[in-house]
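What follows is a set of notes on a single structure, which appears directly below.
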Ligand SMILES: [Zn+2]
């Protein structure tokens, strides 16, 4: 067992027993880490209630590489994530990013993923309600990309022809991208027109789109793709929560 410290963001936590709490953090040096914080809920315990979900700081824990649950020592919080507690849409948006990471990240060091996640949370913090979803769509797709599943948008994922000027294609989850209208006849994924395809490309490159048509449909696309590739077909529940806070804006799977 060694004592280690690393930058971390708290993604989820739950009570354990009478006084303890299990924390799940994404760390810069050790990837996804679960720690048991024994006695942290006792009155007067050090660090008690000092940090909420999405707090960022320096975690110190006793680490044994063969063990799944590590032992908490302390969490020196630099940012207590209070802006997420103040705005439910921000909280829901941050939960979506957290769930994407929790669904697929492992205990390996992935500094690109750590940087992307913390930058994404930072971007959400700076937004007011209606714009949070646009940032989540962009950061969500970028996380999917960093995890190794960036969807193919430029050429048909089946025949390889350029999708430029192809009209309405279909999103093919299995193949990992968009296929042209010819290849799409037996594909059941949502129809994707030139505008939605262009928007997806922009989101994947971190471009901030001010107006996104059918944001719920975009959320569903990101969810279904993540569910297929990242979570072992388990639904990612925070998407539904965020969608419920998103105004209905011509919610549909097709575009004409
Ligand atoms: Zn094709």
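In full-length UniProt numbering, the protein residues as written are 1 to 256.
Positions of the beta carbon are idealized from the N, C-alpha and C atoms, including for glycine.
In this text, all values refer to a predicted model and were calculated from it rather than measured experimentally.
Neighbourhood of residue i by C-beta distance below 8 Å, restricted to the same chain and skipping five residues each side
i: residue 70; result: 33, 34, 35, 36, 61, 62, 63 and 64
i: residue 176; result: 149, 151, 152, 157 and 229
i: residue 197; result: 153, 163, 169 and 178
Nearest candidate by alpha-carbon position, reference residue i, set the options
i: residue 173; options: 91, 144 and 203; result: 144
i: residue 93; options: 133, 226 and 161; result: 133
i: residue 289; options: 25, 176, 128 and 79; result: Past the edges of the chain, shown from 1 to 256, lies residue 289, and the structure says nothing about it.
i: residue 142; options: 203, 232 and 1; result: 203
i: residue 7; options: 19, 31 and 14; result: 31
i: residue 136; options: 210, 66, 40 and 183; result: 210
i: residue 74; options: 99, 112, 197 and 39; result: 39
i: residue 128; options: 99, 89, 106 and 112; result: 89
Outcome for residue i when other beta-carbon atoms lying within 10 angstroms are tallied against a minimum of 16
i: residue 3; result: exposed
i: residue 158; result: buried
i: residue 148; result: exposed
i: residue 161; result: exposed
i: residue 205; result: exposed
i: residue 233; result: exposed
i: residue 225; result: buried
i: residue 125; result: buried
i: residue 27; result: buried
i: residue 252; result: Any reading at residue 252 must be qualified, since the residue scores a pLDDT of 43, below 50, and its modelled position is unreliable; no value is offered.
i: residue 14; result: exposed
Identified DSSP bridge partners for residue i
i: residue 15; result: 21
i: residue 8; result: 27 and 57
i: residue 33; result: 25
i: residue 155; result: 162
Close-in-space but distant-in-sequence residues of the same chain around residue i (CB under 6 Å, 5 per side omitted)
i: residue 55; result: 10, 77, 80 and 81
i: residue 29; result: 6 and 109
i: residue 95; result: 238
Contact set for residue i: own chain, Cβ-Cβ below 7 Å, skip 5 residues either direction
i: residue 180; result: 156, 159, 161, 163, 166 and 169
i: residue 68; result: 34
i: residue 139; result: 97, 120 and 123
i: residue 185; result: none
8 Å Cβ cutoff, residue i in contact with chain B
i: residue 133; result: Within the model displayed, chain B is absent; a lone protein chain is all it includes.
Contact between the region 184–199 and the region 151–169 is defined here as three or more beta-carbon pairs at a separation below 8 Å; is this criterion met?
yes
Taking one C-beta from the region 211–222 and one from the region 230–246 each time, how about it: are there three or more such pairs within less than 8 Å?
Verdict: yes, contact present.
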